[in-house]
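The structure appears below as structure tokens.
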Ligand code: SF4
């Protein structure tokens, strides 16, 4: 056992319930201000309507906060839950968790999904969800030990700050010879000094004998965690078998799990080869389709992109099994062994890096004009161990670099740092500053929305120019896809609940390549069902990747290839086999819709959730500058003439730019209208009374929020 | 000869990925295919020539990310 100083503050012994059909039927609540630990039974109605995972987390958060609650108020909660199917070891991708909180950058409700063992171990220890409220004095850790049946709160004043060290030390400390029994949630110093802190959820890699981790990155929940004084959460559980989740029909479960698992083993090597290259295959594919963000989403392509592509990372990644949950045959969570950083506190030391994935490569690579895989790997390592979201870091830095190159800010503001695109040393130095809360890093760590304000009000930058190129919506930085040529994906980013993150809707290929949705109504239809499927994975404790990243070979010949209906049927069977609730594929959408619309109304409760908050910067819709227009002139000219019937002869690029902008902005507004209608929302983007009744979320407190916004009988 | 999944297709000089899809009469809009393990994106279908004795895999990709 590794010696660390822990001072016990509170211990609650409990009798662990038997898991019944995927549920523990009780939840755990910790108030850090009072050190109170309590266990509450799970109400049947909550189970029925909110299902689990994201649904439970939203419900507990809704009850914890008021409309006026700010991210750093003690009543803000962090909720974590896996879901009824979470913890199934034989079905690919069945170990995910969802975390929710009021976000420091959006001011509204945030959800972030993550792998690692914590969520399943929490449930097997006897809790479907964990709610953390209040603020601790000093650094604390919370242990949820399902083996010894106790929950403990400790003061932990001497733990290191870096996440990879915390994960390692706490895993060793609580392992009792079985490190695989431990999962740690932690963040790092970057979470304390910025608003874009992430959470690292560990899983134990038996093959390599080390704790690895995955990130709940989006929306700064790591910063809330740090503000609450939590150094780490630890969950302990013993062996996991198919029986641990006590499914209603084990035989059926085994049957369907085997089918999906086998299909992945057979098809993945032929298709994306994710078991060897993770999501890095997307880099070149996105580049070829003009969708890889380059230099703050200005362009979608760069000839140097292959330097960051799958063949490079195939060589760099350490070979071995990389499933972030037991038995996931996609096993895409790769890492780099014996990496030696050239900067920062670990300069010259050998470290293990978890990643990089596509998002990190695009965000901390191409979008910064950096095409060196080792710099990206170093950024990845430091973001994780500092507890920073690689996407928000990348998109924020890209914005800063464009402002720097175009003279909107200068070295006076950056403290002498040269932040030109492609400056690797500058990007790494800025990252270290962000983590330490030093220099210009303090400003960048506040995220794009706050930087826009600071640059305009304090540095005198042109607010309109900044608004166009600052890639955030609702206060969340864009994830890493270029959307200029896909109106559906513009909606996939803008018409989301939490902000522009592709986990809700990824429609680029369906729209641009397959042309499945030429009309507004068809786009609206896709923006209705796609987010619902994705929401469903978050309710159940599942990873979205096995649904549609590896697809059956005959999928293209089915009636609706976009839905990968063979898999959806398997998921419905999986749900029935675990919970005993018999469902049809279509029911998955209804289950999700209740939670989805509830989250929309939650936004409303927090002062957002209306049409004006669904706007996106123009850079996401089309070319902002003459340079951008000129770089794809043929495409834009052709569209103006052939699609929109505009006479362009004799017009300057600037004039054409303005004409195109007007058209594209109108199209986005039209899309909004169509989507609201399809979702059963009014013209201001608020769910109607009829919709909330149909979805059975017409609780008095929901009706009250609607009434306050003019939605009543 | 070119192997496309389980099918064997006759090869001809100068045959591109686009030609192959044409010969197969497969109208599906493949974003990418694999030629001898290497990904080829749609934009390059016309200019990518397939060598004789190649193995081609048509990736029925719908999404990603
Ligand atoms: S597909 Fe990848 S991210 Fe998803 S559960 Fe499996 S290993 Fe984890």
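Protein chains in written order, with my numbering: chain A, 692 to 1404; chain B, 27 to 91.
Every residue gets a Cβ at the ideal spot worked out from N, C-alpha and C, and that includes glycine.
Excluding residues up to 5 positions away in sequence, 1309, 1313 lie with their Cβ nearer than 7 angstroms to the Cβ of residue 1352/A in the same chain. Shown here, residue 1335/A sits in coil according to DSSP, grouped into three states, outside any helix or strand. Under the Cβ criterion of 7 angstroms, residue 1123/A is not counted among the residues facing chain B. In terms of side-chain proximity, the C-beta atom of residue 1234/A is found nearer than 6 angstroms to a non-hydrogen atom of ligand 1.
Secondary structure note for residue 927/A: its beta strand (DSSP E) is the uninterrupted segment 921-927. Counting only residues of its own chain and dropping the five nearest sequence neighbours on each side, residue 1134/A has a CB closer than 7 angstroms to the CB of 1142, 1145. Put simply, the CB of residue 1247/A is near chain B, with a gap under 7 angstroms to one of its CB atoms. For the pair residue 1117/A and residue 1109/A, the Cα-to-Cα distance works out to about 6 angstroms.
The C-alpha of residue 823/A is placed about 18 angstroms away from the C-alpha of residue 704/A. Of all residues in the stretch 27-54 of chain B, the ones placed with a Cβ closer than 9 angstroms to any Cβ belonging to chain A are 31, 52, 54, in chain order. Within the stretch 64-80 of chain B, the residues whose Cβ lies closer than 8 angstroms to some Cβ of chain A are 65, 67, 68, 69, 70, listed in chain order. A Cβ-Cβ distance of about 11 angstroms is found for the pair residue 1013/A and residue 1027/A, leaving them out of contact under the 8 angstroms criterion. Separation of the CB atoms of residue 993/A and residue 1173/A is rounded to 11 angstroms, and the pair is thereby denied contact status at 8 angstroms. Rounded to whole angstroms, the gap between the alpha carbons of residue 791/A and residue 910/A is 9 angstroms. Distance from residue 877/A to residue 902/A at the Cβ level is roughly 10 angstroms; contact not present, criterion being Cβ atoms closer than 8 angstroms. In the three-state DSSP reduction, residue 1029/A falls in the strand class (E or B). Chain order gives the chain B residues near residue 1252/A as 54, 86, 88, where near means a beta carbon separation below 9 angstroms. Below the 7 angstroms Cβ cutoff, chain A contributes 976 as neighbours of residue 58/B, in chain order. Just so you know, the alpha carbons of residue 33/B and residue 27/B end up roughly 10 angstroms apart. By a beta-carbon distance limit of 8 angstroms, residue 808/A does not contact residue 1265/A. Their separation comes to about 20 angstroms. Looking at the DSSP output, residue 1164/A bridges to 1167/A.
Look at residue 962/A: its C-beta is under 7 angstroms from a C-beta on chain B. Here residue 75/B is exposed, its C-beta having fewer than 16 other C-beta atoms within 10 Å. The closest heavy atom of ligand 1 lies less than 6 angstroms from the beta carbon of residue 1022/A. Judged by beta-carbon spacing, residue 1225/A lies within the 7 angstroms limit of residue 1195/A, meaning their Cβ atoms are closer than that value. Taking the C-beta atoms as reference points, residue 914/A is found no nearer than 7 angstroms to residue 826/A. Interface criterion not met: the Cβ of residue 1259/A is under 7 angstroms from no Cβ in chain B. Residue contact with chain B for residue 1220/A: absent (no Cβ-Cβ distance below 7 angstroms to any residue of chain B).
Relative to ligand 1, the beta carbon of residue 1016/A is positioned inside 6 angstroms of a heavy atom.
Collapsing the DSSP output to three states places residue 1094/A in a helix. Partner residues in a beta bridge of residue 1231/A, as assigned by DSSP, do not exist. The residue among 1018/A, 922/A, 950/A, 978/A with its C-alpha nearest the C-alpha of residue 966/A is 1018/A. DSSP, reduced to helix, strand and coil, places residue 867/A outside both helices and strands of the structure shown, so it counts as coil.
In the DSSP annotation of this structure, residue 1344/A is not part of any beta strand (DSSP E); the continuous alpha helix (DSSP H) holding it starts and ends at 1344-1370. For residue 1280/A, the closest C-alpha among the options 769/A, 1222/A, 798/A, 1021/A is that of 1222/A. Look at residue 1019/A: its beta carbon is less than 6 angstroms from one of the heavy atoms in ligand 1.
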